[in-house]
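Numbering-wise (the working numbering), the sequence shown opens with residue 813 and increments by one. The structure appears below as structure tokens.
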Amino acid sequence: MRQDDLPVRGGKVTAYVYDTGRPEVHEAAARAYAEMLEVNCLDPTAFPSIVEMERQVVGAVAAELGGGHGIFTSGGTESIMLAVKAARDSRPVAGRPALVAPVTAHPAFHKAAHYLGLDVVRTPVDPGTFRADPAAVAAAITRDTVLVVASAPSYPQGVLDPVAEIAAAAAARGVPCHVDACVGGWLLPWLREAGAEVPPFDLSVSGVTSLSCDLHKFGYAPKGASVVLFRDPAMRRRAYYASAAWPGYTVINATVQSSRSAGPLGGAWATLQALGREGYLRLGRDTLAAARLLREGVAGIPGLRVLGDPVSSLVAIAGSDEVDVFVLSDEARKRGWFLQPQLSYAGIPANIHITVTGATLAGVDAMLKVIAESAAAARERGPATPPPGLVELVAGLDLDALDDAAFGELAASVGVNLTGGGQPEMAVVNAILDALDPETRESILIRFLSTIYA
Ligand SMILES: Cc1ncc(COP(=O)(O)O)c(C=O)c1O
């Protein structure tokens, strides 16, 4: 079944996966994962190993990121969900609770708000730097604001929001501030030690009340590993959940999940042990060098430009009238590389997103060669253009009146086979999505999901 999967090692997939380039590290994680696989985090009194292991993992993250009291979770989304719940429950407001988030904040905040009954107030970012505008954040805070968000870095362009200013604006109104360091928490400290200019972004910054840091990203741990830290233990308690109001076992949950494998915890613990500070620092140095080479190399490719000045190693590359980034991404895929397409939003152009990791350095020349070749091919092919009238047709569709089979036929009409397999040509699909408003995009994406699982 895995024959058409993208490879998880080797650095040719520049999103989703994080390869150290050191197989023995991943093997150590896999052994620990298997060792803990059947242990259930549901009851810490039954399996005290999980308490000790979590204390060590969370302790290591807190020691690097300004202290605090943490929870090991399944990923960035769950860490953010718990931070939003804790903020909501520690700050009762008269109206419907709201959170303030720059447009570049991860959708996990929208998802948490959706699940937990909050409104989201989106604030603009600087159109040149893509960093959040602290004055806009300050102006968006109302009596019903329960949380303000800053990203370190934000995923789309890899830039660091002005954390200190945003946290100060929140503190001035007595509002908690969450720093989403899901990507940067276990990367920026090593980049800083390797010589990058990284302003303070963690719990050491006054006004920051919680922070998320994913170990399954730049911690290089197997998936299912993140830490959310709270400055105040009372706020962490607001993230917890307990129920004794039924005639069954007592329910005591630190996370959204109840029964939960300790495998990811074991995998994260072993990865931290196997790499150690020295290992992360070495990966950080390589990451920094690779990101610099990539940015410099892209600057020399006609029709492409790097968006903003990313302090992290996430690099967003925009195209031009001549070079369509969606076509470029398809061309790269034909050459064995996955470069992640990102749609335009809030005035920010469509682009391809590359997550540079420690393993990128060894292949950065090959990556640049593929980007240059794919850009030339995209120039030759011209921009992806949806069939005439199709965008208007899709925009006007009553999706609820369309069954999954009819949606599958519609997708087939633009060359997408939703029955799976192979290497999909996505440029036209991305061009159609790009031309639609975000709500219509979302409806289409949900139909896509239900159709592939039909
Ligand atoms: C900045 C940021 N926050 C949160 C998340 C969500 O993390 P996850 O996919 O682990 O739920 C991501 C994922 O890429 C991210 O980049």
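The beta-carbon is built from N, C-alpha and C at its ideal position, and this holds for glycine as well.
Query	Result
Would you list the residues sitting across from residue 787 in a DSSP beta bridge?	Here the chain covers residues 813 to 1266 and nothing more, so residue 787 does not appear.
From residue 1259 to residue 1216, what does the alpha carbon distance come to, in whole angstroms?	7 Å
In angstroms with no decimal places, state the Cα-to-Cα distance between residue 987 and residue 886.	26 Å
Does DSSP put residue 914 in a helix, a strand or coil?	strand
With hydrogens ignored, establish whether the beta-carbon of residue 826 is closer than 7 Å to any heavy atom of ligand 3.	No copy of ligand 3 occurs in the structure displayed; its ligands are ligand 1 alone.
Identify the continuous alpha helix (DSSP H) that holds residue 1252 and give its terminal residues.	1250-1264
Please return the same chain residues whose Cβ sits closer than 6 Å to the Cβ of residue 966, not counting the five positions on each side in sequence.	916
Alpha carbon to alpha carbon, how far is residue 1131 from residue 1062? Give it in angstroms, no decimals.	56 Å
Helix, strand or coil: which one does DSSP assign to residue 931?	strand
Who are the near neighbours of residue 902 in its chain, counting only those whose CB is closer than 6 Å to its CB and skipping five residues on each side?	1047, 1050
Could you give the DSSP three-state label for residue 1028: helix, strand or coil?	coil
Can you check which of these residues, 907, 984, 1119, 1252, is closest to residue 1206 by C-alpha distance?	1252
Do the CB positions of residue 1014 and residue 1033 come within less than 8 Å of each other?	no
According to DSSP, simplified to helix, strand and coil, what is residue 1150?	strand
Whose C-alpha, out of 1237, 862, 1042, 1072, is nearest the C-alpha of residue 1196?	1237
Give a yes or no on whether the C-beta atoms belonging to residue 970 and residue 1128 are separated by under 8 Å.	yes
In angstroms with no decimal places, state the Cα-to-Cα distance between residue 1135 and residue 1162.	11 Å
Considering residue 991, what are the terminal residues of the beta strand (DSSP E) in which it resides?	989-992
Who pairs with residue 882 in a beta bridge, going by DSSP?	1041
Contact defined as beta carbons within less than 8 Å: I believe residue 897 pairs with residue 928. What is the distance between those atoms, to the nearest angstrom?	6 Å
What residue does the beta strand (DSSP E) around residue 1163 start on, and which one ends it?	1163-1167
Could you compute how far the alpha carbon of residue 908 sits from the alpha carbon of residue 1086?	46 Å
Below 7 Å, is the gap between the Cβ of residue 971 and the nearest heavy atom of ligand 1?	no
At which residues does the alpha helix (DSSP H) containing residue 852 begin and terminate?	Segment: none, residue 852 is in no alpha helix (DSSP H) and carries neither H nor E.
According to DSSP, which residues form a beta bridge with residue 1231?	For residue 1231, which the question treats as bridged, DSSP gives no partner whatsoever.
Pairs of beta-carbons, one from the segment 819-833 and one from the segment 1073-1080, closer than 8 Å: are there three or more?	no
Starting from the Cα of residue 862, find the closest Cα among 874, 848, 875 and give me that residue.	848
Just checking residue 1160 against ligand 1 - is the residue's beta carbon closer than 7 Å to any of the ligand's heavy atoms?	no
Whole angstroms are fine: how far does the CA of residue 865 sit from the CA of residue 923?	29 Å
Could you give the DSSP three-state label for residue 1000: helix, strand or coil?	helix
Suppose you measure from the CA of residue 983 to the CA of residue 1133; what does that come to, to the nearest Å?	44 Å
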